[in-house]
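Below is one structure, written out as structure tokens; comments come after it.
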Amino acid sequence: MAAAQTVGQGVNLVLVTGASGFIAAHVTQQLLRAGYRVRGTVRSLQNKDKVAPLRNLCPDAEHELELVEADLLKPDTWKTALEGCTHVIHVASPFPLAIPNDENEVIKPAVEGTTSVLKACREVGTVKRVVLTSSVFAISGEFGQNPNHIYNENDWTDTSLPSVDAYAKSKTLAEKAAWEFVNNLPEGQKFELAVINPGFVMGPILSGSFCTSIEILKTLLLKEMPAVPGVNISCVDVRDVAAAHIMAMTSSEAAGNRHVLVAGNLWMKDIAVFLQKEFKSQGYNPPTLTFPKFGLRILSLFDSKVKIMLPAIGKVTRFDNTRMTQILQIQPRKLEDTVVEMGYSTIEGGFVKKTAKYRGPKK
Ligand code: NDP
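Sequential numbering of the sequence shown, starting at 1, is according to the working numbering.
Below you can see the structure in the form of structure tokens.
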């Protein structure tokens, strides 16, 4: 193992779980750029599509990225992955495109995976702090439940409500399991936990794999729906989310706390209009009309991606981002830029075909 390096606050080696994911790839890149030693986990080192982009995240990095295999559903894989780590950024968790028939497909890896990672942290004994990627869905998992309330870190999703879907349950139960585990650690085995609760994450794509965040942009750019659902989304830029994870790893005020990450609220139509403004002249034609609710109900019978949005139609949930701006010191980027950059990245990454009129991003 390489000699110890300390970039900040006793950080020697950082484990990023699910390094090839949309968010985790940015976390990994920012850590490498800042000079940290980083070990990333992937499910399979043989998966070239996922591994190759990770090798190019930061060609000038002082420390080469280490990659190891680990799986949320294989508890035995985590102890080796964690050997020598002082800090862990646990991002890996299923983020499905559609509601699964069996909710345990999402809940089991989220909850058991988080617990396995934390147990392994206790066993290796070198970990000082774990940063967990939770979600605003662990704060308010039921759309527009209380439109007059500004949700903050004191709020928790009530998983017993029938309208809370499998994904929101997975994030809430995994986060609760993490707090319970860490709060009950015996003296001498204690380590800290800081939690990041992002809204819907958008922005440039570094990873080679498709994910739920890309799906929405692809659907709009390719006009896979004639109109957009009347859904309001609390959004945030992926680069701000990555920076927040790193601040949460080092800031003394972040330990023992949750942090809402939201830059602002956008209707799906706003996202479509941003894309239309930038990409219409380049041969794309995102829909900017809003679907009537009745039409969506019918569509949801055939399309599970629509079904997942149905409870959210017309409802606005607002979040207080004070801890993001004041404790983690993240000033959110302008969401229009985030959307446009993600649009280009979706095309450049090959997730949407280039048209004959495509000019590419401004240099
Ligand atoms: P991705 O789908 O890109 O990333 C999910 C990651 O989890 C992938 O690296 C995936 O690995 C990994 N993973 C899934 N199942 C397993 C498993 N059984 N064992 C090991 N790894 C597994 O999505 P995002 O980057 O968007 O999401 C990352 C995290 O951020 C998730 O915890 C998600 O809940 C959370 N989040 C995301 C938001 C968003 O809008 N994108 C908003 C709020 C929270 P593999 O590549 O092998 O599939």
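Backbone N, C-alpha and C fix where the C-beta goes; we use that ideal spot for every residue, glycine too.
Cβ atoms of residue 15 and residue 32: under 8 Å apart, would you say? Not in contact: residue 32 and residue 15 (Cβ atoms no closer than 8 Å).
Let me make sure I understand the geometry here. Which of 242, 198, 117, 285 has the alpha-carbon closest to that of residue 352? Of the candidates 242, 198, 117, 285, the one whose C-alpha sits nearest the C-alpha of residue 352 is 285.
Taking 8 Å as the threshold (C-beta atoms), are residue 226 and residue 292 in contact? Not in contact: residue 292 and residue 226 (Cβ atoms no closer than 8 Å).
By alpha-carbon positions, which one of 228, 221, 166 ends up nearest to residue 100? Between residue 100 and the set 228, 221, 166, the nearest pair of CA atoms involves 166.
Simplified DSSP assignment, three categories, for residue 267: Strand, per DSSP.
Give every residue of the same chain whose Cβ lies closer than 7 Å to the Cβ of residue 135, excluding the five residues on either side of it in the sequence, and list them in chain order. The beta carbon of residue 135 sits closer than 7 Å to those of 171, 197, 198, all from its chain and outside the five residues before and after it, given in chain order.
Can you give me the Cβ contacts of residue 177 inside the same chain, cut-off strictly under 7 Å, excluding the 5 residues immediately before and after it? Same-chain partners within the cutoff: 111, 114, 115.
Residue 320: beta carbon under 7 Å from a heavy atom of the ligand NDP? No.
Sequence-distant residues of the same chain with beta carbon closer than 7 Å to residue 355, five excluded per side: Contacts found: 282, 283, 284.
How many angstroms separate the CA atom of residue 359 from the CA atom of residue 344? As the crow flies, the alpha-carbon of residue 359 is around 10 Å from that of residue 344.
Check each candidate in 65, 47, 46 and name the one with the smallest Cα separation from residue 55. Looking only at 65, 47, 46, the smallest Cα-Cα distance to residue 55 is reached by 65.
Taking 8 Å as the limit between beta carbons, can you name the residues of its chain near residue 325, skipping five residues before and five after? In chain order, 331, 332 place their CB closer than 8 Å to the CB of residue 325, counting only its own chain and leaving out the 5 sequence neighbours on each side.
Could you tell me the boundaries of the beta strand (DSSP E) in which residue 183 lies? Here residue 183 belongs to no beta strand (DSSP E); instead the alpha helix (DSSP H) covers 166-183.
Rounded C-alpha distance that separates residue 75 from residue 104: Note on geometry: alpha-carbon atoms of residue 75 and residue 104 lie some 17 Å from one another.
Going by Cα to Cα distance, which pick from 263, 122, 328 is closest to residue 188? Checked all of 263, 122, 328; the closest Cα to residue 188 is 122.
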